[in-house]
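Structure first, then comments.
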Amino acid sequence: MHHANYYYGHAHVLARYCGLADPTHPPRMLGYLQHGWNIGDGLAPGVPFVDGSPLFVWSEETRRRAVSQGRRNVVAIGSPFAYLHELEPATGEEREGTIFYPFHGWEGQQVMGDHQRLIDEVRSVEEGPVTVCLYWNEHRVRAIRKLYERAGFRVICHGYRGFWWRDHDREFLIRQLGELRRHRRVVSNRLCSAIWYGLLTGADAAVYGDPMVLEDGDLTFGGEPRLRRQWPEVYGYTTDRESCRALARRELGADNLARPAELRSVLGWAEPLERCA
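For what it's worth, my numbering labels the leading residue of the sequence shown as 58, then goes sequentially.
Okay, here's the thing in structure tokens:
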């Protein structure tokens, strides 16, 4: 299985949904799974893959973009988070405050920008307690953590994404779902997966503030300017929950999730369950 298929515990969530005998050890997925929301073909820029292999994307919109860019054998299956949302019914816990996701870097690229400037803007806009969720890449930098802690924010990290088949945190999405359901609002300085996830759970969402700059960022698909042009509904200090939630359901493929038997067949997991351990 391609190592990115394990990111954030995605393969584990899908194996659980499919009813595999041992979802803690998902079998090899016969293709490449989109691991984060993006405005391209579902793959991260520069990811090598075997020609002709299936590409499993989250939504029909992404599938059409991939086909328009020359990809073939592209199947829209829905996002792993949307499947987890179905697997874990909400408990009705009262929501409070805001969870803020600053734009982040990763092993190959760092983000350049002023965290204090973001902090000041969030404090001036948000009411009630604020939780800041740092990506593992920034969470490991003590100076960045301290900035948010000194501002009085609760600072958390959902876990490590994983890399090259090592250290994948299969509880990542479960923690994220729990945190999003605790908060009334989810905000970020860039439109990202977390904004759509929060909207799917019923939170209000907003994108505002300095979007920062990704080191050697790939602008092939239009970058931040395109995000603002194509999804203006989510930008600003206040947004319309229902219209934004409809967008989230579309981007996450939440209204077109496969049934377990169908998903097993698509992913190449159609063998008898006792053989899938």
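Here a beta-carbon is modelled for each residue, glycine too, at the ideal position from N, C-alpha and C.
Less than 8 Å between the CB atoms is what I'm expecting for residue i and residue j, so what's the real figure, rounded?
i      : j      : result
Val244 : Thr155 : 6 Å
Asn246 : Pro268 : 5 Å
Gly135 : Ala315 : 7 Å
Asn95  : Leu112 : That belief does not hold up - the Cβ atoms of Asn95 and Leu112 are roughly 13 Å apart, past 8 Å.
Tyr158 : Ala251 : 4 Å
Determine which residues share a DSSP beta bridge with residue i and list them.
i      : result
Cys190 : Ile213
Arg227 : Answer is none; Arg227 lacks a bridge partner.
Ala133 : Val114
Tyr158 : Ser245
Ala262 : Val243
Leu271 : Val168
Tyr89  : Leu112
Any idea if residue i is buried or exposed, counting beta-carbon neighbours within 10 angstroms, 16 or more meaning buried?
i      : result
Ala311 : buried
Arg302 : buried
Asp261 : buried
Tyr63  : buried
Arg227 : buried
Tyr294 : exposed
Met169 : exposed
Val179 : buried
Cys333 : Because Cys333 sits at a pLDDT of 40, beneath the cut-off of 50, its placement in the model cannot be relied upon, and the point is left open.
Val114 : buried
Gln233 : buried
Arg199 : exposed
Thr119 : buried
If you check the beta carbons only, do residue i and residue j fall under 7 Å apart?
i      : j      : result
Arg117 : Ala133 : One point to set straight first is that residue 117 is Glu, not Arg, in the sequence displayed. Taking 7 Å as the Cβ cut-off, Glu117 and Ala133 qualify as a contacting pair.
Pro336 : Arg73  : Residue 336 lies beyond the residue range present for the chain, which begins at 58 and ends at 334; the question has no answer from this structure.
Tyr292 : Val264 : yes
Leu230 : Ala305 : no
Tyr140 : His161 : no
Leu237 : Gly255 : yes
Using a Cβ-Cβ distance under 7 Å, would residue i count as near chain B?
i      : result
Arg239 : In the displayed structure, chain B is absent; only one protein chain is listed.
### Task
Evaluate contact between the region 64-78 and the region 87-98, counting only Cβ atoms and requiring at least three cross-stretch pairs below 8 Å.
yes
### Query
Okay, do the region 119-128 and the region 206-215 touch, 3+ Cβ pairs below 8 Å being the bar?
no
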